[in-house]
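For reference, the structure discussed in these notes is given below.
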Amino acid sequence: MSYHKTVLYELIPKVSYKIIRNCPECDCKMKYVNTNCFRVNANGNKIDVWLIYQCEKCKHTYNMSIYERKKLSGIQPEIYKSFLDNDTELALKFGTDKQFFANNRAEIDWSSIEYNLHVIPGGSSEEFDCIEIYNPYKIKIRTDKVVADLLHLTRNKIKMLLKNDVIEFSQNYLGHMTRILIKDITFYQL
Ligand SMILES: [Zn+2]
Numbered sequence: 000m001s002y003h004k005t006v007l008y009e010l011i012p013k014v015s016y017k018i019i020r021n022c023p024e025c026d027c028k029m030k031y032v033n034t035n036c037f038r039v040n041a042n043g044n045k046i047d048v049w050l051i052y053q054c055e056k057c058k059h060t061y062n063m064s065i066y067e068r069k070k071l072s073g074i075q076p077e078i079y080k081s082f083l084d085n086d087t088e089l090a091l092k093f094g095t096d097k098q099f100f101a102n103n104r105a106e107i108d109w110s111s112i113e114y115n116l117h118v119i120p121g122g123s124s125e126e127f128d129c130i131e132i133y134n135p136y137k138i139k140i141r142t143d144k145v146v147a148d149l150l151h152l153t154r155n156k157i158k159m160l161l162k163n164d165v166i167e168f169s170q171n172y173l174g175h176m177t178r179i180l181i182k183d184i185t186f187y188q189l
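For the sequence shown, numbering that gives the first Met the number 0 begins at 0 and goes up steadily by one.
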């Protein structure tokens, strides 16, 4: 059997990632959320910029560093204005940038990721026997969860379809590009 009708999806985060860290007020590990507020500190021509996170429960704040002692001339004026305006689009850009979290040694709460799946035009979205999921943000998420969302099935049903060799994928977690083969299209009618 050849697989030639492919539908390609792109997985895009809907909201900023939460982080997990110890909250000194709650005295335990808590989830911190992006407030979409930047803090800018100017010292001479050196600039510090942070994105402010806060504990979901008690609002204790935690500053995530964007720039430290950066020359003002090294920041594009429109970006600098966006920091001062607390631009939500820019806050989302940082809030979904894995490198930003890695630089701050912040632990992303992958369990609470919210995402959208967009069809990338070009493939067949009617009858297909192969699904490809493009994961440009490298979100760490289980493949069966995303496939269940896509096919509007439960994860248990996906497990059953895998076991019965109706669908096939090799990665437990999404890679940069993940391919799901659908070997028996008739299961849609079940
Ligand atoms: Zn707290």
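Glycine is no exception: its CB is placed at the ideal position from the N, C-alpha and C atoms.
Residue from the options with nearest C-alpha to residue i
| i | options | result |
| --- | --- | --- |
| Gln98 | Glu113, Lys80, Ile138 | Ile138 |
| Gln170 | Leu150, Lys182, Asp143 | Asp143 |
| Cys25 | Val6, Val39, Arg38, His59 | His59 |
| Tyr31 | Ile166, Tyr16, Lys45 | Tyr16 |
| Val141 | His151, Leu116, Met63, Gly174 | Contrary to the premise, residue 141 reads as Arg rather than Val in this sequence. Measuring from the Cα of Arg141, the nearest candidate turns out to be Gly174. |
| Ser111 | Thr5, Lys4, Lys13, Glu9 | Lys13 |
| Ser72 | Asn44, Cys57, Phe82, Met63 | Asn44 |
DSSP three-state assignment for residue i, whether helix, strand or coil
| i | result |
| --- | --- |
| Asp128 | coil |
| Val6 | strand |
| Glu88 | helix |
| Val146 | helix |
| Ile112 | coil |
| Ile157 | helix |
| Lys45 | strand |
CA-to-CA distance, residue j to residue i, given in whole angstroms
| i | j | result |
| --- | --- | --- |
| Asp86 | Ile51 | 13 Å |
| Ile119 | Arg178 | 14 Å |
| Tyr79 | Val48 | 9 Å |
| Tyr2 | Phe168 | Note that Tyr2 scores a pLDDT of 49, beneath 50, so its modelled location is shaky and nothing firm can be said. |
| Met159 | Cys36 | 45 Å |
| Lys162 | Lys156 | 10 Å |
| Lys69 | Glu55 | 30 Å |
| Leu149 | Tyr172 | 15 Å |
| Glu67 | Cys129 | 46 Å |
| Asn135 | Gly94 | Here the sequence assigns Pro to residue 135, which means Asn is not the residue at that position. In a straight line, the C-alpha of Pro135 is about 15 Å away from that of Gly94. |
| Cys22 | Leu7 | 41 Å |
| Asn33 | Leu91 | 8 Å |
| Ile65 | Val165 | 47 Å |
| Leu116 | Glu88 | 19 Å |
Bounding residues of the alpha helix (DSSP H) (the contiguous stretch that carries residue i)
| i | result |
| --- | --- |
| Ile78 | 76 to 83 |
| Lys97 | 97 to 102 |
Residue range of the beta strand (DSSP E) that includes residue i
| i | result |
| --- | --- |
| Ala41 | 27 to 42 |
| Asn62 | 60 to 70 |
| Cys22 | 18 to 22 |
| Ile179 | 176 to 181 |
Below-8 Å beta-carbon distance, residue i vs any chain B residue
| i | result |
| --- | --- |
| Gln170 | Protein chains in the displayed structure number just one, and chain B is not present. |
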